[in-house]
Structure formats: structure tokens, C-alpha cells
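Numbering (the UniProt record's numbering), first residue to last: 1 to 61.
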């Protein structure tokens, strides 16, 4: 099975991060393919702005 874990915590040594690591280890040992998206490591910004859109259907909007 393919598993995607989306992780979002600012502290890499947190309990949440430890649970993520445990899940990755257990799922991998069980033979699953695991991909982790660490939103803080990616500097993910959850707020969309005009800079995120190159073209607009209506440029006046």
C-alpha cells in the first residue's frame, strides 16, 4: 500500500514528530511505501496570495 503522511509541526523533537517517525518505521517494516510531506521543512505557506496565480480569467478581478 502507498501511504502519504502529511506532517506539520515546527519542532522536530516534538511528540508529534516522534509519532510520525514511529508510523514511518512501522509502515515501512510492514512492507508499505511511505512518503512524508513535512510542511514546515518545505516552508509551506497555507495562505494563498495573488503571487500564487500567474494568470487570471478576468484580469480586472
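Glycine residues also receive a C-beta, built at the ideal position from the N, C-alpha and C atoms. Predicted model only: the values in this text are computed from it and were never measured.
8 Å or more divides the Cβ of residue 35 from the Cβ of residue 28. Residue 7 is positioned such that its CB atom lies closer than 8 Å to that of residue 38. In this structure, DSSP gives residue 26 a helical state, which the three-state scheme calls helix. Under the DSSP definition of a beta bridge, residue 43 lacks any partner. Note: residue 37 is bridge-paired with 6 in the DSSP secondary-structure output.
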